[in-house]
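Presented below is the structure to which this report refers.
2 protein chains.
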Amino acid sequence: MQLNLQSLVRTIPDYPRKGVMFRDITTLIEHPEGFKQSIEAIAAPHRNMGITHVAGIEARGFIFGAGVAIALGVGFIPVRKKGKLTGETIGQNYALEYGVDTIEIHADVIGPGDKVLLVDDLIATGGTAIAAVGLLRRTGASVNHAAFVIDLPDLGGAEKLRAENVAIHSLIAFEGH
Amino acid sequence: MQLNLQSLVRTIPDYPRKGVMFRDITTLIEHPEGFKQSIEAIAAPHRNMGITHVAGIEARGFIFGAGVAIALGVGFIPVRKKGKLTGETIGQNYALEYGVDTIEIHADVIGPGDKVLLVDDLIATGGTAIAAVGLLRRTGASVNHAAFVIDLPDLGGAEKLRAENVAIHSLIAFEGH
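Line by line, the protein sequences are chains A and B.
Using the numbering used here, the first residue of the first sequence is number 1, and each one after it goes up by one.
Using the numbering used here, the first residue of the second sequence is number 178, and each one after it goes up by one.
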C-alpha cells in the first residue's frame, strides 16, 4: 500500500524560533514502510540514467543518500562539515543567515565521466545544495540531478538549483516557511 | 565478484594522534561495489530474524545503518548527539577518554515487541555502542544483535557487548590499536 508520506512528517511549530514550522523527517524514517517507500520514490526516477554515485549532505542527508545509493547500487559520497574528512579534500564556503560555513568532499574519488545524484532531506533557500553542486562539479563529474524529501518552494532554493541546470525531484512540498 | 573489503579501507597512520592507526571507511563507501557489498554482508545474516528497526549512530553509522535498513526493508532509528533530535527524547551518558558525552533517541518510536539491530562503522572500546544498546533497551525493545564494518578486537568492545547478551557481526578485523 502506498503511504501518504507527507502525513508521516511531523511539524513542530515555532522551532527553532518563533514563526518557523520545523518539518521533522525522523517520524518518516522511523516508520518501517515510510522509510522504504521514500527511498524507493527517490531512487525510481533515477534508475537507468547512468548515475555512478549518490552524494549526501551531513547529517540527515546521509540517511536518505545512503539508502538511495543502496537502492541504485552505486557508491556514496559524504559531503561533510569542515574538518570531518581525513585524507585530501576540497572545500566550498557558503553563506548562512549569520556567517559562513564550509563543506568538504574527498578530492579524488570522482571525476570526468562520473554522474552524481545529490540527495538531502530538505531544500529551503538552497545555499548548502548549491555549494555542494559547485563543489562536486569542480572534480569534473556531472551533477545534473538532485533529490529532496521535502521542498519548501516559497524559499526559492529549488528554483535557484534549476537555474544551475540541476533537475529537481522532491517527494513532498510544504507551502509557506 | 566478491571484493576484498579490507583492502578498500584506507589506513592513515598517526591520526588523530601519534601511535593511532586511523581506519578510514570513506574509501569503502565511495567505491560503488564496495558500499553495496559491505551493506549486503551486514544485512544477509540478519534477514528472517524479525528485525523491525535498524539503529545507526551519528554520523558514520547513519551511512551504514540507513543502507542496512533499506536492504532489510525496515525503519531507521537515528541515535544522535545531544540536542539534535526534536520532539520527546531519552538520553544516555557515556564516558569518553576525557569527559562525558550523551546520545539520544526518540522516546516513543519503538517498544516491547520491536527487535532492533544496532549498526555502526567501527567498534573499538565499545563505550558508545554499549550506551546505545542500554538506551534502546530502555524503550522495552529487544536489542540482541549489533553489526560493525570494522572491529578492533584488541580494544575489547565486542567482548564487552557480548557480555551484555548482544551477538556481534563484523566484516573486517584489524589487530592492534
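Backbone N, C-alpha and C define an ideal beta-carbon position, used for all residues, glycine too.
Predicted, not measured: the structure shown is a model, and the values here were computed from it.
Using a CB distance cut-off of 7 Å, E207(B) counts as an interface residue toward chain A. Excluding residues up to 5 positions away in sequence, V320 lie with their Cβ nearer than 8 Å to the Cβ of R314(B) in the same chain. Assigned with DSSP and collapsed to three states, E97(A) falls in coil, not helix or strand. For T263(B), the nearest beta carbon of chain A is closer than 7 Å to its own beta carbon.
Take the alpha-carbon of S170(A) and the one of S184(B): they are about 37 Å apart.
By the Cβ-count criterion, A221(B) is exposed, with fewer than 16 other Cβ atoms from all chains shown falling within 10 Å of its own Cβ. For the segment 130 to 152 of chain A, the set of positions with a beta-carbon nearer than 7 Å to some beta-carbon of chain B is empty. Leaving aside the five residues that flank L28(A) on each side, the residues in its chain whose CB is nearer than 8 Å to its CB run, in chain order, L5, L8, V9, G34, F35, S38, V149. In the displayed model, E104(A) falls within a strand according to three-state DSSP. Chain-order list of chain A residues neighbouring E281(B): empty, with the shortest C-beta distance near 11 Å, by a criterion of under 9 Å. For R187(B), the C-beta contacts it makes with chain A under 9 Å involve T86, G87, in order along the chain.
Looking at T128(A), D154(A), L155(A), V116(A), the one whose alpha-carbon comes closest to that of A167(A) is V116(A).
H46(A) carries a helical assignment under DSSP once its states are collapsed to helix, strand and coil. Runs of the alpha helix (DSSP H) lying entirely within the segment 314 to 344 of chain B, each at least 4 residues long, are 334 to 340 in chain order. Where L294(B) is concerned, the enclosing beta strand (DSSP E) starts and stops at 292 to 300.
Counting along the chain, the unbroken alpha helix (DSSP H) around A246(B) starts and ends at 237 to 249. Residue contact check for A107(A) against chain B: no CB pair falls below 7 Å. Secondary structure of G196(B) (DSSP, three-state): coil. Taking a Cβ-Cβ cut-off of 8 Å, the neighbours of G73(A) in chain B comprise P209, K213, given in sequence order.
Between the alpha carbons of F239(B) and Y275(B) lies a gap of roughly 25 Å. Secondary structure of P32(A) (DSSP, three-state): helix.
From the beta-carbon of Y192(B), the residues of chain A found nearer than 7 Å are T86. In this structure, the alpha-carbon of I42(A) lies about 19 Å from that of V79(A). Any Cβ of chain B closer than 7 Å to the Cβ of A124(A) would place that residue at the interface, and such an atom is absent.
Distance check between G227(B) and each of R237(B), G290(B), E336(B) places G290(B) closest, using alpha-carbon atoms only. Excluding its 5 nearest sequence neighbours in each direction, A173(A) has C-beta neighbours in its own chain below 8 Å: I150, D151, L152, P153, listed in chain order. By alpha-carbon distance to G134(A), the top candidate from K160(A), L155(A), L122(A) is K160(A). With its beta carbon less than 7 Å from one in chain B, A66(A) belongs to the interface. With contacts defined by Cβ atoms closer than 7 Å, D298(B) and R237(B) form a contacting pair. Between the alpha carbons of A132(A) and N342(B) lies a distance of about 43 Å. With a threshold of 7 Å between beta carbons, E58(A) makes contact with chain B.
At a cut-off of 7 Å between beta-carbon atoms, D201(B) makes contact with chain A. F76(A) has a beta carbon lying within less than 7 Å of a beta carbon in chain B.
Annotated three-state conformation of V286(B) is coil, per DSSP.
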